[in-house]
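Input: a single structure, listed below in structure tokens.
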Amino acid sequence: MTDTYRHRGLRRALVTALRGRGIADERVLAAIGAVPRHLFFDPGFEAHAYQDKAFPIGEGQTISQPYTVAYQTELLGLQPTHRVLEVGTGSGYQCAVLLQLTPLVHSIEVNPVLFGRTRQLLAGLGLGRPDLHCGDGSLGLPAAAPYDAILVTAGAPALPPALLRQLAVGGRLVIPVGTAAEQRMVRVTRETADSYLREELETFRFVPLRGAGGWRA
Ligand code: SAM
Numbered sequence: 156m157t158d159t160y161r162h163r164g165l166r167r168a169l170v171t172a173l174r175g176r177g178i179a180d181e182r183v184l185a186a187i188g189a190v191p192r193h194l195f196f197d198p199g200f201e202a203h204a205y206q207d208k209a210f211p212i213g214e215g216q217t218i219s220q221p222y223t224v225a226y227q228t229e230l231l232g233l234q235p236t237h238r239v240l241e242v243g244t245g246s247g248y249q250c251a252v253l254l255q256l257t258p259l260v261h262s263i264e265v266n267p268v269l270f271g272r273t274r275q276l277l278a279g280l281g282l283g284r285p286d287l288h289c290g291d292g293s294l295g296l297p298a299a300a301p302y303d304a305i306l307v308t309a310g311a312p313a314l315p316p317a318l319l320r321q322l323a324v325g326g327r328l329v330i331p332v333g334t335a336a337e338q339r340m341v342r343v344t345r346e347t348a349d350s351y352l353r354e355e356l357e358t359f360r361f362v363p364l365r366g367a368g369g370w371r372a
């Protein structure tokens, strides 16, 4: 699949729609405009790529809705020197968006099938070189900690303690927290070594975060 004039036009329209929904950070909008979302879809489903909706990617998982990707990314306030951890690589689309804002992206996926597929896809796209891992991201990725930003793309029952520990002072954790049916977006800023500011934001519906710091079943 290639990135055609038509795809670029559809992306411009998507960016306009996201701006209309309140996404104001032009760097985030430019990142959405730069990543060909259709390349993260099976060719048969390409027509869905520039609609503002989540879509199945197999293994019972989804590629997040563009609005959600833009919203979570904006909350991180990324700078080009920031080190980021994404929990829930999924299709790799959010990872590719993060790479437009900083080259220092680590991403971890618990599902080995999605991990293998997405690692291969991202290696061929030339959108950046993320550090990809397969494992339980509810425990974070201690080897590369601390992080200026941690983004969780699945819904958690509570704040995973390991992710709080792996935040740098000044760093931000953005994570949906709630029941399996509905979550509030939470942004936690580590203000000092032992104090955190918690903000509760919009309501979303994410697939569950699995693992030791998520829904265990
Ligand atoms: N960021 C993804 C994208 O752009 O396609 C969204 C993926 S989907 C909404 C959430 C992902 O989180 C799924 O791929 C799921 O397998 C993964 N996941 C769930 N629990 C996890 C865990 N404990 N560690 C790592 N990944 C996890």
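Just so you know, we're using our numbering here: the sequence shown kicks off at 156 and counts up by one.
Glycine included, C-beta positions come from ideal geometry on N, C-alpha and C.
Check, Outcome
"I want to check one thing, is the minimum distance from the CB of serine 158 to the heavy atoms of the ligand SAM below 7 Å?", "For the sequence presented, residue 158 should be read as aspartate rather than serine. No, the ligand SAM has no heavy atom inside 7 Å of this Cβ."
"Helix, strand or coil for valine 224 per DSSP?", "helix"
"How do the segment 277 to 286 and the segment 302 to 313 stand: do at least 3 beta-carbon pairs fall below 8 Å, yes or no?", "no"
"Beta-carbon separation of leucine 231 and alanine 304 under 8 Å?", "yes"
"Looking only at DSSP bridge pairs, what is serine 262 linked to?", "Glu241 and Leu287"
"Can you tell which of Phe200, Gly295, Leu194 and Leu294 has the C-alpha that lies nearest to the C-alpha of valine 252?", "Leu194"
"Tell me which residue opens and which closes the alpha helix (DSSP H) that threonine 257 is part of.", "No alpha helix (DSSP H) contains threonine 257, which DSSP labels as neither H nor E."
"Less than 7 Å separating the Cβ of arginine 216 from some heavy atom of the ligand SAM?", "It is worth fixing the name first, because residue 216 is glutamine in this sequence and not arginine. True, at least one ligand heavy atom lies under 7 Å from that Cβ."
"Isoleucine 263: beta carbon under 7 Å from a heavy atom of the ligand SAM?", "yes"
"Could you compute how far the alpha carbon of arginine 345 sits from the alpha carbon of arginine 192?", "32 Å"
"Identify which residue in Gly215, Ile178, Ala367 and Asp158 has its Cα closest to the Cα of leucine 269.", "Gly215"
"Could you give the first and the last residue of the continuous beta strand (DSSP E) run that contains tyrosine 160?", "Counting along the chain, tyrosine 160 falls outside any beta strand (DSSP E), though it belongs to the alpha helix (DSSP H) covering 160 to 175."
"The alpha helix (DSSP H) spanning glycine 188 covers which residue range?", "181 to 189"
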